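S.K.:
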Amino acid sequence: MNTGTLYLVSTPIGNLGDITFRAVEILKSVDLIACEDTRHSRILLDHYDIRKPLVSYHNYSEKERAVSMVEKIKNGTNVALISDAGTPGIADPGYRLIAGAIREGIRIETLPGASAILPALVLSGLPVDRFMFEGFFPVKSGQRKIKLLALKDETRTVIFYESPHRLLKTLAAIQETLGDIEIVVARELTKKFEEVLRKKVSETITYFSNKKILGELVVLFNLSVRKGL
Ligand code: SAM
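If you count the sequence shown from 1, position 57 lands on 53 in the working numbering, and the numbers rise without skipping.
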């Protein structure tokens, strides 16, 4: 029996139109789609009339699921891995399955597409030539401060993901550790209420203090801009 292929398929980060033709073709052709939340992914798949079996592949069970998924692929099943949004593996499950598939000599194809990192970066107006992605900052305040302090001499544009309910605490930590720097918050990219704020941390805190912070957001800064490099 031939071994199957693992396809890594990027899906939209908001606007359902942001998916490639090839991604739709592959999703229609595989035997199984591994996703995080089957109900969430069903919305996208229904939109493109993709009728394939879905299996959930969560962060909290990734280790065990990766082993069984690798077995399935070795037994000839073609699997597409998607996440709730964007590129699988980027602040989402995927890494263990990809590493496991590589170890087993399974063929992997990647279908590039949306991820929140690059649209946030190019929209930010900050230097795009060199950047670093930090994923989500630690939730615990002490660890978050240690992480921020370690960035004080960073010259690249720093990009990180943040949840709306932790934003104000993180902004306060940035102000405390790095000063009142210029910061960019890119919110709800590609969606109806897309918004990009480019302000000092103190102004950003004021802006968000008086409203309910909704949606998804990316935070960026570049300390060289402050120093006029
Ligand atoms: N795999 C995704 C990717 O490739 O970007 C990231 C998944 S991670 C669990 C979700 C985080 O990505 C959100 O909390 C937010 O920081 C960021 N994000 C995803 N979609 C976004 C959007 N439309 N606008 C702004 N940030 C977004």
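Beta carbons are placed, not taken as given, at the ideal position from N, Cα and C, and that holds for glycine.
Predicted, not measured: the structure shown is a model, and the values here were computed from it.
(1) Could you spell out where the beta strand (DSSP E) holding VAL192 opens and where it closes?
(2) Short check: CB of THR173 to CB of PHE133, under 9 Å?
(3) Is any non-hydrogen atom of the ligand SAM found closer than 8 Å to the C-beta of SER79, if you look at the structure I gave you?
(4) Measure from the alpha carbon of THR16 to the alpha carbon of each residue in GLU158, SER6, LYS24, ILE102, then state which is nearest.
(5) Assuming contact is defined by CB atoms lying nearer than 9 Å, are ALA29 and ALA97 in contact in what I supplied?
(6) Assign TYR91 to one of two classes, buried (16 or more other C-beta atoms within 10 Å of its C-beta) or exposed (fewer than that).
(7) DSSP three-state label for LEU210, please.
(8) Could you give the first and the last residue of the continuous beta strand (DSSP E) run that contains THR106?
(9) Pick out the complete alpha helix (DSSP H) segments inside the segment 158 to 193, 4 residues or longer, and give them in chain order.
(10) Does the structure place the segment 116 to 127 close enough to the segment 18 to 38 that three or more beta carbon pairs sit under 8 Å?
(11) Check GLY72 in the structure and name its three-state DSSP category.
(12) Quick check on this structure: which residue in GLU191, LEU12, LEU117 has the alpha carbon closest to the alpha carbon of PHE156?
(13) Determine the burial state of MET65: buried for a count of at least 16 other Cβ atoms within 10 Å of its Cβ, exposed for fewer.
M.R.: According to the structure shown:
(1) Going by DSSP, VAL192 is part of the beta strand (DSSP E) stretching over 191 to 196.
(2) It is not a contact, given that the beta carbons lie outside the stated cut-off.
(3) Yes, Cβ of SER79 sits closer than 8 Å to a heavy atom of the ligand SAM.
(4) The alpha carbon of THR16 has as its nearest neighbour, out of GLU158, SER6, LYS24, ILE102, the alpha carbon of SER6.
(5) It is worth fixing the name first, because residue 29 is Ile in this sequence and not Ala. It is not a contact, given that the beta carbons lie outside the stated cut-off.
(6) It is exposed - the Cβ of TYR91 has fewer than 16 other Cβ atoms within 10 Å.
(7) Residue state, collapsed to three classes: coil.
(8) Here the beta strand (DSSP E) through THR106 covers 103 to 107.
(9) DSSP runs (the alpha helix (DSSP H)) wholly in the segment 158 to 193: 163 to 174.
(10) Output reads no: the segment 116 to 127 does not touch the segment 18 to 38.
(11) Coil at GLY72, not helix or strand.
(12) Measuring from the Cα of PHE156, the nearest candidate turns out to be LEU117.
(13) Buried is the call here.
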